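Participant:
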Amino acid sequence: MLNANKGASGALDGKGLRIGIVQARFNDDITGALATACLAELSSLGVSDSDIDHVFVPGALEVPMALQAFAERGGYHALIALGCIIRGETYHFELVANESGAGVSRVALDYRVPVANAIITTENLAQAVARQTDKGRDAARVAVEMAQLLAQLS
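In terms of the UniProt record's numbering, the sequence shown is residues 1 to 154.
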């Protein structure tokens, strides 16, 4: 939700974290902006560029499979899903949104690796543009925060 009260996290430190990012190409202008904001925030949190693996897939439905490949490879402290689904005139929007979201969650739970889901779903392009920067930053912060939490819980 835009302008939502997200609460405050503790200090976030991404030094030494290995992060995998899967970016959908569909709606590339939006997903590119998500990625730019996400990468800038990861850098500001101390994640080294050399500790980030960034791959591209055709669309949101393909994101979970690439996340799964990262998870099976191992060695990642967190993964990030970037995509954009804009409602059209058919039921396809619901199918893509529901299935990609379920797949992202399944990877996180099956492999016990945090996955920050920044596959945004909007009614129109203007809503996507309004959310692209904040959601990209949020994804980076969620990935680092959840990596830190799981390290504490282990």
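Just so you know, even glycine gets a beta-carbon here, dropped at the ideal spot from N, CA and C. If you're wondering where the values come from, they're calculated on a predicted model, not measured in any experiment.
Please determine, among R137, V115, F56, R18, the residue with the shortest C-alpha to C-alpha distance to S44.
Facilitator: As a first step, residue 44 must be located in the sequence shown, where it is residue number 44. Cα-wise, what sits closest to S44 is R137.
Participant: Starting from Q132, follow its DSSP beta bridges and name the residues at the other end.
Facilitator: Against the sequence shown, residue 132 aligns to sequence position 132. In DSSP, Q132 forms no bridge with anything.
Participant: Which whole runs of the alpha helix (DSSP H) in the region 67 to 121 are 4 residues long or more, in chain order?
Facilitator: For the region 67 to 121, whole alpha helix (DSSP H) runs of length 4 or above, ordered along the chain, are 92 to 111.
Participant: Which residues in the same chain as C84 place their Cβ atom closer than 6 Å to its Cβ, once the five residues preceding and following it in sequence are excluded?
Facilitator: For the purposes of this step, residue 84 is taken as residue 84 along the sequence shown, with counting starting at 1. Same-chain partners within the cutoff: N27, I30, T31, I120, A128.
Participant: By Cβ distance, which residues of its chain are closer than 7 Å to E99, with the 5 residues on each side in sequence left out?
Facilitator: To locate residue 99, count along the sequence shown from 1; it is residue 99. The residues are L61.
Participant: Rounded to the nearest angstrom, what separates L12 and R141 at their Cα positions?
Facilitator: As a working note, residue 12 is residue 12 in the sequence shown. As a working note, residue 141 is residue 141 in the sequence shown. The straight-line gap from Cα to Cα measures roughly 8 Å.
Participant: Tell me the DSSP secondary structure of A24 in three-state form.
Facilitator: Here residue 24 refers to the residue found at position 24 of the sequence shown. Strand.
Participant: Output the distance between the C-alpha atoms of G117 and E123, rounded to the nearest integer angstrom.
Facilitator: As a working note, residue 117 is residue 117 in the sequence shown. As a working note, residue 123 is residue 123 in the sequence shown. This sequence places Asn at residue 117; Gly is not what is there. Those two C-alpha atoms are separated by around 18 Å.
Participant: Excluding the 5 residues preceding and the 5 following L67 in the sequence, name in chain order all residues of the same chain whose CB lies nearer than 7 Å to its CB.
Facilitator: By 1-based counting over the sequence shown, the position of residue 67 is 67. If we look at L67 and ignore the five residues flanking it on each side, its Cβ neighbours are V22, L79, A81, V104, V107, V115.
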